[in-house]
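If you read the sequences in order, they're chains A and B. The working numbering applies: residue 627 is where the first sequence begins, and numbers increase by one. The working numbering applies: residue 272 is where the second sequence begins, and numbers increase by one.
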Amino acid sequence: MKKEHGTIQNYVIGFILSLVFTLIPYYLAVTHTVTGNVLLGTILTFALLQAAVQVFFFLHLGREQSPHWQSKFLAITVGGIFVVTVGTTWIMYHLHENMTPTETELKLAQDEGIGQVGGKATGACVGNSEMHMVVIKNGAVSPYHTDAHRCDTIMFMNEDNVPREIAFGPHENHEPYGGVAALALNSVQEQQTLTLNESGTYMFHDHLHAEVIGDFTVTP
Amino acid sequence: MAEAVAKLGPEKQAAPKIDEAKLREHEEAASDRATFGFWVYLMTDLLMFSILFAAYSVLHGNTGAGESGRELFSQPVALTETLLLLTSSFTCGIGMYRARQGNKNQVLVWFGMTFLMGLAFLGLEISEFTKFFHEGHTLQSNGFLSSFFVLVGTHGLHITSGLLWMGTTLIVVSVRGLKDSLVRKLSLLSLFWHFLDIVWIFIFTIVYLRALV
């Protein structure tokens, strides 16, 4: 019976070990000496070492009388904990991976103006923004260059009595902007609005009159 | 008559001795059973905590539009809490050692220190929680905060009940002295306290340190 309980020396050793096993992972995590999965593995290892110190030096397990019911029960519990925690994490990780929206799904959500899918930001523009006017009059684009922020809108207005088709990129080799291939302005005073959801500098031109060109720069 | 008395005498004196030994044996067996029963409770409690840990590890990334643990947690505060609990686990062990020696004053000193450190730990945790609430980070904010408050809060409630148990037991010890039944109670209490320390180590690692990974 007496053997079950520790000596002062035992408690002191256990205490010092527990301090060491706390300060090392704390130091590693706070200073970022190691990062990522290495850090995760290291701090988890120290937590297990720490728990072992508590069990052997403070709970004095393993020194009880045969048939060691407490140790056996602890072992079974640890097995159960392993199944619950590792199993849950494993299943949910894969579920999460499979449920994570792909690039095309994100794109769709962005076009629909949905800000978030499965906890992942789609980059969709939600909320107020500035509107920039681009007027095409007498075959000239005014202003020729537009500076805008992401999520602003740009409005193309046709002041000439000819149909126009605003396409992006240089003539012949069109590159759709934000999933939009072209905007049709079929008659005078017709206008089309475009949400600037992609950053960078983009050229546009009238596909029907290739000399009508302009560009806009979108900053994030 | 005198012969009969002489005959009865030794028997009468011997009888309580046998009873006392039997009683002690019986008490020890009962104490072992109580310890094992308490151990069963601790293990089921541990399983419950493991489910809360599993929920946290699944949900800790689901912050919605809110801040993540990296921005919210203060690691120095978490370290202070850890050191308080570790030290209180140590003083609790020493207190238990003194209790088995039957040294009442030493028991009151060491368990008193344990109690104060537990109280300081609880104070830090409550101030952390109120700070979060004032900043608008509540149980309802997102999955991460729900699982965080439930996991850490459940541990905090265990600490609270441990402190109530310790406080009342210490009052009884100081009034009635170190009876065997109280030493047994203290030994269960110290099991509980070490157990809470172990659970906290994993909270410190999986909640507070992991936020930095």
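Cβ atoms here follow ideal geometry from the backbone N, Cα and C, with glycine treated the same way. Quick caveat: nothing in here was measured; it's all calculated off a predicted structure.
If you ignore the 5 residues before and after Asp773 of chain A, its C-beta comes within less than 7 Å of the C-beta of Thr843, all in its own chain and listed in chain order. The stretch 819-836 of chain A and the stretch 777-794 of chain A touch, with three or more beta-carbon pairs separated by less than 8 Å.
Non-local beta-carbon contacts of Lys375 of chain B in its own chain, meaning distances under 7 Å to residues more than five positions away in sequence, involve Val444, Gly448 and Leu449 in chain order. With contacts defined as CB atoms closer than 9 Å, Asp468 of chain B and Leu395 of chain B fail to qualify as a contacting pair. In this chain, Thr843 of chain A is not harboured by any alpha helix (DSSP H); it is covered by the beta strand (DSSP E) spanning His835 to Thr845. Per DSSP, Asp778 of chain A is not a residue of any alpha helix (DSSP H), being assigned neither H nor E. Counting only Cβ-Cβ distances below 7 Å, Met781 of chain A has no contacts in chain B at all, with the closest Cβ about 30 Å away.
Proximity of chain B to Gln635 of chain A at the Cβ level (cut-off 7 Å) is not reached, the minimal Cβ distance being about 11 Å. Rounded to the nearest angstrom, the Cβ distance from Tyr828 of chain A to Tyr803 of chain A is 5 Å, consistent with a contact under 8 Å.
Here Arg369 of chain B is buried: its Cβ has 16 or more other Cβ atoms, across all protein chains shown, within 10 Å. Linking Phe386 of chain B to Phe361 of chain B through their CA atoms gives a straight-line distance of about 12 Å. By the CB criterion at 9 Å, Ser328 of chain B and Thr668 of chain A fall outside the cutoff.
For Asp451 of chain B, the secondary structure class from DSSP, reduced to helix, strand or coil, is helix. For the pair Phe684 of chain A and Glu731 of chain A, the Cα-to-Cα distance works out to about 54 Å.
CA-to-CA, the gap between Leu441 of chain B and Met718 of chain A works out to about 46 Å. Counting along the chain, the unbroken beta strand (DSSP E) around Gly826 of chain A starts and ends at Gly826 to Asp832.
Look at Leu732 of chain A: its C-beta is not under 9 Å from any C-beta on chain B. With respect to Gln818 of chain A, Phe794 of chain A sits apart: the two C-beta atoms are not nearer than 9 Å. In the DSSP assignment, Leu809 of chain A is bridged to A:Ile792. According to the DSSP assignment, Ile762 of chain A belongs to no alpha helix (DSSP H) but to the beta strand (DSSP E) extending over Met757 to Lys763. Contact holds between the stretch 316-334 of chain B and the stretch 414-431 of chain B, because three or more Cβ pairs, one in each stretch, are under 8 Å apart. If the five residues before and after Leu675 of chain A are omitted, its C-beta is found closer than 7 Å to the C-beta atoms of Phe647, all from its own chain and listed in chain order. DSSP, read as helix, strand or coil, puts Ala701 of chain A in helix. With a beta-carbon spacing of about 13 Å, Phe400 of chain B and Val478 of chain B fall beyond the 8 Å limit used to define contacts. Phe419 of chain B is outside the set of residues whose beta carbon lies under 9 Å from a beta carbon in chain A. Using beta-carbon distances, Thr476 of chain B counts as an interface residue toward chain A, with a partner under 9 Å.
Considering only beta carbons, no part of the stretch 380-411 of chain B lies closer than 9 Å to chain A. Taking a beta-carbon distance threshold of 9 Å, Ala325 of chain B counts as an interface residue toward chain A.
Distance from the CA of Glu756 of chain A to the CA of Leu665 of chain A, rounded to the nearest whole angstrom, comes to 45 Å.
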